[in-house]
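Here the structure is laid out as structure tokens; the discussion comes afterwards.
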Amino acid sequence: MTDMAVAVLPATTAITRGVRLRRRFLRRPMAVVGLVLVTLFLLLAIFGPLLTPDPLVQELTSAFAPPSAHHLLGTDDLGRDELARLASGARVSLVAGVLSTALAFLVGVPIGLASGYFRGWLDEVVMRLNDTVLAFPFLIFAVGFAAIFGASLRNVVIALAIGLLPSVVRITRGEALVLREQDFIGGAVADGARAGSIMFRYLLPNSVNALIVQATVAIPTGIVGEAALSFLGLGVQPPAPSWGLMLTSAQQFLVQAPQLAIYPGALIAVATLGFNLLGDGLRDVLDPKDRR
Amino acid sequence: MTALLEVDHLGVTFRTEDGPVLAVKDMSFTLNQGEILALVGESGCGKSVTAMSIPGLLPTHGVARRGSVLLSGRDLTTLAEHELESVRGKEISVIFQEPMTSLNPSYTVGKQIVEVIARHQGMNRRQALGRAVELLSMVGIPDPRRRCASYPHQLSGGMRQRVMIAMAVACDPKVLIADEPTTALDVTIQAGVLEVIRTLCRELGTAVVLITHDLGVVAEVADRVVVMYAGRAVEQASVGSLFAAPQHPYTMGLMGALPANALRTKSRRLAEITGLVPAPVDDPDECQFAPRCGRATAECRATRPKLAESRVDHHVACYHPGREDDRG
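From first to last, the protein sequence lines are chains A and B. For the first sequence, counting from 1, position 129 maps to 129 in the working numbering; every step adds exactly one. Every number in the working numbering is 292 more than the matching position in the second sequence, counting from 1.
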């Protein structure tokens with residue numbers, strides 16, 4: 001349906017808008033740095049595991065090996081290829097961050113839209129439940145969930161999604177509250193639009209900017225959350241690689257092999273920083289009031 | 293011929309924290325097919341509330357509505373919300389005052405028109421798009437095929453209002469409610485938009501309820517006029533009769549306040565109506581205009597005059613109607 005109007009005429013209008021946004025984005029160096037970091041992270045997560053050795057193969061005889069042509073970043077305490085483990089860990093982080101965010105949005109956006117559009121008792125119930133979840137610190141909540149339901153990547157994703165849910169609901173609701181008072185919503189009602197169509201065709205598309213920005217906040221939160229849970233042993237289980245898990249095992253060898261802690265730690269920091277910078281940039285670029 | 297739309301003893305009361313507000317007290321009028329009926333009156337006299345209550349667009353919470361609204365004999369006030377949804381946009385359409393903010397900023401105008409057509413008529417997207425282009429050219433938008441791919445912010449106010457009109461008539465409604473459709477536009481654009489409304493009305497046989505406080509607009513496009521004051525109709529006539537021989541002192545006051553008319557008077561000064569509109573909190577049994585009226589007598593303050601025919605097809609709610617010099 002979106003492509004229909006475009007099919008009539010190559011949408012010059014959409015392109016000019018895209019070009020304008022791109023120019024505004026490129027004018028912000030920090031945003032570009034964020035984009036580069038995120039892109040590198042994605043490349044590492046997607047292609048890294050294909051290009052590196054099996055991260056589970058142990059060569060106990062060559063534990064703590066220094067970097068070599070065979071092992072670009074050396075090996076860990078069990079003689080496993082460090083780069084391969086970092087790449088596979090990136091994939092786990094990406095899955096945890098993106099899936100938990102997607103899940104939170106999938107559930108939270110409709111709830112937020114309905115809550116903001118219908119107001120009334122529905123809004124009250126939703127917001128009080130929301131406050132209840134918000135009252136728990138994000139990590140404590142996730143830790144509790146993982147502890148109760150067992151440690152696995154699936155449960156980590158679910159726990160993180162529930163933790164991310166309140167902010168998604170709140171932001172979507174806020175957008176819906178503002179938008180529902182706009183004249184074009186009144187116009188849609190006057191044209192016979194049903195509530196569902198108003199929520200998903202009028203409120204949602206006009207909230208996209210805020211939601212994109214929220215996603216760039218939620219994904220790194222998910223990444224850090226996964227690392228933290230895995231670090232505590234409540235997430236991904238060994239021998240599977242995860243940055244958090246790698247930090248845990250590196251602890252014992254901090255003196256002999258500090259690089260084993262530095263690599264995953266730095267990657268967590270860099271990936272998170274990348275998403276945050278990108279999010280800040282997008283927020284500025286997509287802000288209709290900012291015309292720089 | 294029975295009327296297309298019959299508004300009968302319509303009353304609307306808003307419950308507020310400061311007590312009830314009687315926005316519309318007792319409105320009755322009829323609208324025939326292809327007719328343009330103007331509702332005129334100053335801000336707050338209940339024009340918009342009257343019009344919005346026809347397709348049930350007033351908030352349901354805290355609003356009490358009395359009377360009936362018959363569309364082709366069917367009482368709209370008794371319909372459930374989901375039944376009204378299929379009336380809105382299909383049988384009764386509304387054009388709002390603010391073209392700048394009344395379109396969805398996220399979609400192209402073509403897509404928005406297609407949306408309305410698809411909602412009410414079983415047309416596929418391709419047919420609907422063809423119809424959208426047709427509609428845009430009907431409302432006088434040049435290069436309609438290209439404009440279909442435009443976003444609202446790329447169009448001027450006049451263009452957007454034309455798009456709104458195209459959307460409103462997309463499903464061939466029987467009744468079009470235009471709530472001050474030209475107030476936000478400048479005068480030259482105004483004339484064009486009014487022309488479009490009038491042409492559509494003639495060609496499609498759409499009946500129009502035109503809300504305005506601009507008597508110039510009324511004279512230009514309307515067939516009949518209802519003058520409202522404090523939630524009631526005080527005068528109802530064909531446009532010719534109203535302008536030739538206004539009967540109610542309030543109507544005469546409005547006309548005296550028109551610059552073109554003032555120029556013809558000796559003083560060449562704009563006449564104003566002294567006093568203020570009464571607060572819509574109670575409904576005493578008196579002529580509500582009496583406190584501001586030079587002709588008010590004890591009778592006016594004792595009982596409210598009813599709408600009565602004072603000339604042919606010209607109704608007025610006044611004990612002392614007509615021009616000063618017409619009366620003996």
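C-beta: ideal position from N, C-alpha, C; glycine also.
What are the boundary residues of the beta strand (DSSP E) that includes residue 234 of chain A? Walking along the first sequence from the start, residue 234 of chain A turns up at place 234. First-last for residue 234 of chain A: undefined, no H or E at that position.
Determine the contact status of residue 548 of chain B and residue 563 of chain B, defining contact as a CB-CB distance below 8 Å. In the second sequence, counting from the first residue as 1, residue 548 of chain B sits at position 256. In the second sequence, counting from the first residue as 1, residue 563 of chain B sits at position 271. Yes. Within cutoff.
Could you check where the beta strand (DSSP E) with residue 317 of chain B kicks off and where it finishes? To locate residue 317 of chain B, count along the second sequence from 1; it is residue 25. Per DSSP, residue 317 of chain B belongs to the beta strand (DSSP E) from 311-323.
Have a look at A:96, A:126 and A:120 and flag the residue whose alpha-carbon is nearest the alpha-carbon of residue 110 of chain A. Counting from one through the first sequence, the residue named residue 110 of chain A turns up at place 110. Residue A:126 is the option with its Cα nearest to residue 110 of chain A.
Just to confirm, does residue 260 of chain A get its C-beta within under 7 Å of one of the non-hydrogen atoms of the ligand SAM? The model depicted lacks the ligand SAM and carries no ligand whatsoever.
Tell me where the beta strand (DSSP E) around residue 521 of chain B begins and ends. Translated into positions along the second sequence, residue 521 of chain B becomes position 229. That run of the beta strand (DSSP E) goes 516-521.
Range covered by the alpha helix (DSSP H) that runs through residue 484 of chain B: Counting from 1 along the second sequence, the entry for residue 484 of chain B is found at position 192. Residue 484 of chain B -> alpha helix (DSSP H) spans 479-496.
Measure from the alpha carbon of residue 227 of chain A to the alpha carbon of each residue in A:20, A:151 and A:47, then state which is nearest. Counting from one through the first sequence, the residue named residue 227 of chain A turns up at place 227. Among A:20, A:151 and A:47, the Cα nearest to that of residue 227 of chain A is on A:151.
So is residue 112 of chain A in contact with chain B if we call contact Cβ pairs under 8 Å? Walking along the first sequence from the start, residue 112 of chain A turns up at place 112. Contacts with chain B at 8 Å (Cβ-Cβ) do not include residue 112 of chain A.
Does the beta-carbon distance from residue 379 of chain B to residue 459 of chain B come in below 8 Å? By 1-based counting over the second sequence, the position of residue 379 of chain B is 87. By 1-based counting over the second sequence, the position of residue 459 of chain B is 167. No, the Cβ-Cβ distance between residue 379 of chain B and residue 459 of chain B is not below 8 Å.
Would you say residue 429 of chain B lies against chain A (beta-carbon separation less than 8 Å)? Position 137 of the second sequence, counted from the first residue, corresponds to residue 429 of chain B. No, residue 429 of chain B lies away from the interface with chain A (no Cβ there is under 8 Å from its Cβ).
Would you mind telling me which residues of chain A sit closer than 8 Å to residue 388 of chain B, beta carbon to beta carbon, in chain order? Taking the first residue of the second sequence as 1, we reach residue 388 of chain B at position 96. Within chain A, the residues 183, 186, 187 and 190 have their CB atoms less than 8 Å from the CB of residue 388 of chain B, given in chain order.
Among residues of its own chain, excluding the 5 on either side of residue 145 of chain A, which ones have a beta-carbon nearer than 6 Å to its beta-carbon? The residue you call residue 145 of chain A lines up with position 145 of the first sequence. Contacts found: 159.
Mark residue 577 of chain B as exposed unless 16 or more other C-beta atoms lie within 10 angstroms of its C-beta, in which case mark it buried. As a working note, residue 577 of chain B is residue 285 in the second sequence. Under this definition residue 577 of chain B is an exposed residue.
Within a Cβ cutoff of 6 Å, which residues of the same chain sit near residue 166 of chain A, ignoring the five residues on either side of it in sequence? Residue mapping note: residue 166 of chain A aligns to position 166 of the first sequence, counting from 1. If we look at residue 166 of chain A and ignore the five residues flanking it on each side, its Cβ neighbours are 130, 133 and 134.
Pair every Cβ in the stretch 73-89 of chain A with every Cβ in the stretch 248-258 of chain A, then say whether three or more of these pairs are closer than 8 Å. With the cut-off at 8 Å, the stretch 73-89 of chain A and the stretch 248-258 of chain A touch.
With 16 other Cβ atoms within 10 Å as the buried cut-off, status of residue 276 of chain A: By 1-based counting over the first sequence, the position of residue 276 of chain A is 276. Under this definition residue 276 of chain A is a buried residue.
Report buried or exposed for residue 536 of chain B, applying the criterion of at least 16 other Cβ atoms within 10 angstroms of its Cβ. As a first step, residue 536 of chain B must be located in the second sequence, where it is residue number 244. Classification of residue 536 of chain B: exposed, given that the 10 Å Cβ count is below 16.
According to DSSP, which residues form a beta bridge with residue 303 of chain B? Here the question's residue 303 of chain B lines up with position 11 in the second sequence. Answer by DSSP bridge pairing, in chain order: B:358.
Of the listed residues B:411, B:604, B:605 and B:405, nearest to residue 193 of chain A (C-alpha basis): Your numbering for residue 193 of chain A matches position 193 in the first sequence. When only C-alpha atoms are compared, the closest one is B:411.
Per-residue contacts from residue 202 of chain A into chain B (C-beta, under 7 Å): Within the first sequence, the letter at position 202 stands for residue 202 of chain A. Neighbours of residue 202 of chain A in chain B, taken as residues at a C-beta separation under 7 Å, are given in chain order as 396.
Report the residue from A:139, A:268, A:45 and A:72 whose alpha carbon sits nearest the alpha carbon of residue 162 of chain A. If you number the first sequence from 1, residue 162 of chain A lands on position 162. Ranked by Cα distance from residue 162 of chain A, the first of A:139, A:268, A:45 and A:72 is A:139.
Bridge-paired residues (DSSP) for residue 607 of chain B: As a first step, residue 607 of chain B is located in the second sequence; it is residue number 315 there, counting from the start. Per DSSP, B:528 and B:601.
Would you call the CB atoms of residue 481 of chain B and residue 387 of chain B closer than 8 Å? Here residue 481 of chain B refers to the residue found at position 189 of the second sequence. Here residue 387 of chain B refers to the residue found at position 95 of the second sequence. Going by C-beta atoms, residue 481 of chain B is not nearer than 8 Å to residue 387 of chain B.
Measuring alpha carbon to alpha carbon, tell me which residue in B:435, B:395, B:361 and B:332 is nearest residue 202 of chain A. Within the first sequence, the letter at position 202 stands for residue 202 of chain A. The residue with the shortest Cα to Cα distance from residue 202 of chain A is B:395.
Could you tell me whether the Cβ of residue 9 of chain A comes closer than 8 Å to any Cβ of chain B? Along the first sequence, one-based indexing puts residue 9 of chain A at 9. With a pLDDT of 45 at residue 9 of chain A, under the threshold of 50, the modelled position of this residue cannot be trusted; read the value that follows with caution. The beta carbon of residue 9 of chain A falls within 8 Å of a beta carbon belonging to chain B, placing the residue at that interface.
Please state the DSSP three-state secondary structure of residue 369 of chain B. For this step, residue 369 of chain B is matched to residue 77 along the second sequence. Secondary structure of residue 369 of chain B (DSSP, three-state): helix.
Cross-chain neighbours of residue 130 of chain A in chain B, by beta carbon under 7 Å: On the first sequence, position 130 is the one that residue 130 of chain A refers to. Correct list: empty, because the minimum Cβ distance to chain B is about 24 Å.
Partners in chain B for residue 206 of chain A, counting only beta-carbon separations shorter than 9 Å: Within the first sequence, the letter at position 206 stands for residue 206 of chain A. Correct list: 396, 397 and 398.
Under a CB-based cut-off of 8 Å, is residue 193 of chain A close to chain B? Within the first sequence, the letter at position 193 stands for residue 193 of chain A. Among the residues facing chain B, residue 193 of chain A is included, as its CB has a counterpart in that chain under 8 Å away.
Going by the beta-carbon positions, is the gap between residue 319 of chain B and residue 332 of chain B smaller than 8 Å? Stepping through the second sequence from its first residue, residue 319 of chain B is reached at position 27. Stepping through the second sequence from its first residue, residue 332 of chain B is reached at position 40. In terms of Cβ geometry, residue 319 of chain B and residue 332 of chain B do not form a close pair [threshold 8 Å].
Tell me whether the stretch 495-505 of chain B and the stretch 463-479 of chain B touch, counting them as touching only if at least three CB pairs, one residue from each stretch, are closer than 8 Å. The stretch 463-479 of chain B and the stretch 495-505 of chain B touch, with three or more beta-carbon pairs separated by less than 8 Å.
At 7 Å on the CB atoms, spell out the chain A contacts of residue 408 of chain B, in chain order. The count along the second sequence starts at 1 and reaches residue 408 of chain B at position 116. Residues of chain A with a Cβ closer than 7 Å to the Cβ of residue 408 of chain B are, in chain order, 191.
Per-residue burial, residue 264 of chain A [other beta carbons within 10 Å of its own, 16 or more giving buried]: Position 264 of the first sequence, counted from the start, is the residue given in the question as residue 264 of chain A. With 16 or more other Cβ atoms within 10 Å, it is buried.
Below 7 Å CB to CB, which residues in the same chain sit around residue 113 of chain A once its five sequence neighbours on both sides are set aside? Here residue 113 of chain A corresponds to residue number 113 of the first sequence, with the count starting at 1. Closer than 7 Å at the Cβ level, and outside the excluded window around residue 113 of chain A, lie 172, 176, 199, 203 and 204.
For residue 490 of chain B and residue 105 of chain A, what's the separation of their Cα atoms in angstroms? Taking the first residue of the second sequence as 1, we reach residue 490 of chain B at position 198. Taking the first residue of the first sequence as 1, we reach residue 105 of chain A at position 105. Within the model, the alpha-carbon separation for residue 490 of chain B versus residue 105 of chain A is close to 48 Å.
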